[in-house]
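First residue of the sequence shown: 78, per the numbering used here; consecutive thereafter.
Following: one structure in structure tokens, then a few remarks.
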Amino acid sequence: MNSQQKLKFQIPKRKKQTQVEVSIRFGNPKYEDCRNFGICKMSASHLPKFISRQKRQCANATLILYRNLLKIYFDKSSMNEQTKSIYFGKKYFVMEIEKLIPKTISQALHPTELLIPKNDYLIEEEQAYYMISVCVANIDILPHLENR
């Protein structure tokens with residue numbers, strides 16, 4: 078079973094989209110210990126679920142890009158209850174600061190680097206995952222960013 082079947086993604090017919098599986102550490106990248114809210118770190122591979130569930134701020138996710146809309150599907154089974162409560166216990170997923178998607182991941186999705194803007198993103202919940210939709214920014218058109 079592929080991830081689209083497992084997560085019941087609704088793919089428009091004849092539409093091109095790309096997806097990548099990642100592991101995410103929640104928090105604010107401004108702080109070394111990743112405290113507070115947002116996406117602190119993103120790696121290009123899934124953590125084994127028994128490890129991600131032991132870590133309070135971690136989750137596995139699938140990123141799907143269609144044009145400039147990035148959907149992030151956070152796998153509930155990869156999170157412990159405390160992580161679910163802290164980061165998904167309210168109506169919105171809070172990004173305290175913009176997050177540049179690492180080159181190894183963004184290049185698998187798009188030819189240029191991508192940025193997740195600072196915002197509060199509505200959380201959609203299904204049985205197996207939480208999902209947020211993000212209008213990503215193409216880094217080539219955002220020259221004001223100093224911290225790449």
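Glycine included, C-beta positions come from ideal geometry on N, C-alpha and C.
Quick caveat: nothing in here was measured; it's all calculated off a predicted structure.
Residue i (DSSP reduced to helix, strand or coil)
i: residue 189; result: coil
i: residue 96; result: strand
i: residue 195; result: coil
i: residue 103; result: strand
i: residue 158; result: helix
i: residue 213; result: coil
i: residue 207; result: strand
i: residue 222; result: Caution applies to residue 222, whose pLDDT of 48 falls short of 50 and renders its modelled position unreliable; the model cannot decide the point.
i: residue 170; result: strand
i: residue 114; result: coil
Pair within 9 angstroms by beta-carbon distance, residue i and residue j
i: residue 140; j: residue 204; result: no
i: residue 165; j: residue 101; result: no
i: residue 107; j: residue 174; result: yes
Cut-off 8 angstroms between Cβ atoms - residues of its own chain near residue i, not counting five sequence neighbours on either side
i: residue 168; result: 199 and 200
Spatial neighbours of residue i in its chain, beta-carbon cut-off 6 angstroms, leaving aside the 5 residues before and after
i: residue 185; result: 97
i: residue 207; result: 151, 165 and 200
Residue i classed as buried or exposed, judged by whether at least 16 other C-beta atoms fall within 10 angstroms
i: residue 210; result: exposed
i: residue 146; result: exposed
Other residues of its chain near residue i: CB distance less than 7 angstroms, five sequence neighbours each side excluded
i: residue 215; result: 189 and 191
i: residue 117; result: 102, 103, 104, 105, 106 and 111
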